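Okay, so here's the structure we're looking at.
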Amino acid sequence: GASGVGRSHIKNALLSNNPEKFMYPPPYTTRPQKKNEVDGKDYYFVSTEEMTRDISANEFLEFGSYQGNMFGTKFETVHKIHQQDKVAILDIEPQTLKIVRTAELSPFIVFIAPTDKAEEVSG
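Counting in the numbering used here, the sequence shown runs from 578 upward without gaps.
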């Protein structure tokens, strides 16, 4: 679903209530690592050159930039989760669906739509 409809809340609930079944693939980023972040757990911290090279090699199922830093999720990270017999929970933008659906990931897609406020009030 679009930004602000509750994707992160649902993702976090699945991850915290079922850690033996679900796992979130840490994204790769070119931004500097913060003090409390663990490389490989919260994010994979890489250089712009490395990220650009891997994007060119089609290693990312999704990528983009935010505030001058690059972010993305690698196919390899999702495959590693599947090798642990877990389900990878991806919080992706709708435009990424066409890439994920054609990949060898066998996704189960849940689209989160905003509620209709008028229907909520009158219902």
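Backbone N, C-alpha and C define an ideal beta-carbon position, used for all residues, glycine too. Source: prediction; values computed, not measured.
For E627, which of helix, strand or coil comes out of DSSP? helix
By the three-class DSSP mapping on this structure, what secondary structure does A590 have? helix
Minimum C-alpha distance to G617 - residue among T650, R630, N594, S633: T650
Cross-strand partners of G649 (DSSP beta bridge): Y605, F640
Cβ-Cβ separation, V664 to K598 (assumed contact under 8 angstroms), whole Å: 6 angstroms
In the DSSP assignment, what residue or residues form a beta bridge with D616? Y620
Taking the CB atoms as reference points, tell me whether V655 and L674 lie closer together than 9 angstroms. no
How long is the line joining the alpha carbons of H659 and T606, rounded to whole angstroms? 22 angstroms
Can you check whether the CB of I686 is closer than 9 angstroms to the CB of V677? yes
Could you check how far apart the C-beta atoms of A652 and E636 are, in whole angstroms? I think they sit under 8 angstroms. Residue identity differs from the one stated: residue 652 is Phe in this sequence, not Ala. With 8 angstroms as the limit, F652 and E636 qualify as a contact, their Cβ atoms being about 6 angstroms apart.
Looking at R608: is its Cβ nearer than 9 angstroms to the Cβ of F640? no
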